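Mapped onto our numbering, the consecutive letters of the sequence shown carry residue numbers 7 to 299.
First up is the structure itself, then whatever we jot down about it.
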Amino acid sequence: MRLPAWLAQHLAALRALLVFTALLGVAYPLTLVAVGRLPGLDAKADGSLLTVDGRSVGSALVGQSFTDADGNPVPRYFQSRPSAAGDGYDPTASAASNLGPESVLDTLAVDPEDSTRSLLSQVCARSLAVGALDGVDGRRPYCTPDGVGAVLAVFRADGLTGPVTRVVSVNQTAPATPFVSSWLGVPVELAQPGEDYRAAGGLVTPVRGDAPEHPAVPADAVTASGSGLDPHISPAYAGIQVARVARERGMDPAVVRRLVREHTTGRTLGFMGAPAVNVLELNLALDRNLAVR
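Here is the structure:
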């Protein structure tokens with residue numbers, strides 16, 4: 007007996023569903039699991055977890071912070087780069103800040119809880135903090151001495167061409183001191199919370215200042231990676247931390263530098279990317295070195 011056309015179509019669809027369920031829902035996942043268990047691939051499939059005394063201390067593929075309960079850097083450890091993933095290195099919230107080069111104006115709300123810092127001010131503050139921690143010059147171009155973006159709102163009497171009538175340091179509020187006392191002969195004011203000086207007609211003017219052209223604090227020390235999970239830092243950032251780590255651990259700086267070199271990977275295939283230092287693996291090596299002394 008020939009089945010009705012509508013029933014034949016439903017049976018054909020059901021057969022296709024069962025076949026593709028078996029192939030893509032069972033066979034394909036099991037094949038991938040089996041491949042992931044092959045020698046040389048199993049560790050990566052399991053997340054490249056690192057263990058000490060049988061307990062997991064993290065993954066070689068995901069960064070982590072080396073800070074105390076108050077969020078302050080632990081001086082005896084190499085520090086990772088900043089992270090914008092959740093509260094920091096949260097794999098469930100992998101993300102960047104989505105701030106770009108034009109993010110130079112802080113949002114200064116009346117309620118400090120509602121204020122947000124621009125990318126420029128974040129970089130300035132981080133650079134000062136790293137400089138203080140590692141004993142290097144933390145100054146950067148377009149940053150104020152107190153660690154915010156050195157940006158003025160310049161008001162002119164006739165749009166963009168008239169004489170300057172007012173100048174505001176838009177990222178500084180009381181009790182700070184303006185990073186320049188005057189601009190084109192006009193005294194510089196501090197910003198007032200809640201004011202939008204760009205909307206009011208101020209011409210946004212970043213000021214370079216006298217910081218060195220090539221800052222001592224590398225870029226990866228003050229900016230987060232795109233994923234917020236990068237476990238590596240640059241050899242340059244590791245290099246400025248050597249003296250501090252050696253001092254805190256009572257180690258010869260030459261030994262610390264050797265460990266940094268041992269945990270530095272080169273460019274992929276010799277030409278892609280840049281050399282990088284895995285921070286967790288390096289810190290674990292430091293702890294092992296201290297344990298055997």
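By construction, the Cβ of each residue, glycine as well, lies at the ideal position given by its N, Cα and C atoms.
Everything numeric in this text was worked out from a predicted model, so none of it was measured.
In this structure, P212 sits near Y148, with a CB-CB distance shorter than 7 Å. Boundaries of the alpha helix (DSSP H) harbouring S133: 125 to 140, taken from the DSSP string. At the C-beta level, R146 and A217 come within 7 Å of one another. Assignment of P241 by DSSP, reduced to helix, strand and coil, places it in the helix class. Exclusion of the five residues before and after L286 leaves L56, G64, A66, Q70, P237 as the residues of its chain whose Cβ lies within less than 7 Å of its Cβ. The residue from Q178, L235, I239, M257 with its alpha-carbon nearest to that of L126 is Q178.
Ranking L275, P224, S240, F26 by CA distance to the CA of D143 puts P224 first. Counting C-beta pairs with one atom in each stretch, the segment 159 to 170 and the segment 187 to 197 have three or more that are closer than 8 Å, which means they touch. Sixteen is the threshold: when 16 or more other Cβ atoms of the shown chains lie within 10 Å of the Cβ of D140, as they do, the residue is buried.
Boundaries of the alpha helix (DSSP H) harbouring P35: 34 to 42, taken from the DSSP string. Counting only residues of its own chain and dropping the five nearest sequence neighbours on each side, G232 has a CB closer than 7 Å to the CB of A102.
Nearest C-alpha to V157 among Q247, R214, Y34: R214. Here the alpha carbon of A291 sits roughly 16 Å from the alpha carbon of I239.
Secondary structure of E201 (DSSP, three-state): coil. Distance between D96 and A135, taken at the CA atoms: about 23 Å.
Judged by DSSP secondary structure, R162 falls within the beta strand (DSSP E) whose first and last residues are 157 to 162. In this structure, P281 lies away from T274, with their beta-carbon atoms at least 7 Å apart. Annotation: the continuous beta strand (DSSP E) that includes R172 extends over 170 to 175.
Inclusion of A131 and P199 in the CB contact set at 7 Å is not warranted, their separation being larger than that value. Excluding residues up to 5 positions away in sequence, A159, V174, V176 lie with their Cβ nearer than 6 Å to the Cβ of Y203 in the same chain. In this structure, L288 keeps its C-beta atom at 7 Å or more from the C-beta atom of V68.
Counting along the chain, no alpha helix (DSSP H) covers L67, and no H or E run does either. The alpha carbon of R255 has as its nearest neighbour, out of G245, T229, V80, the alpha carbon of V80.
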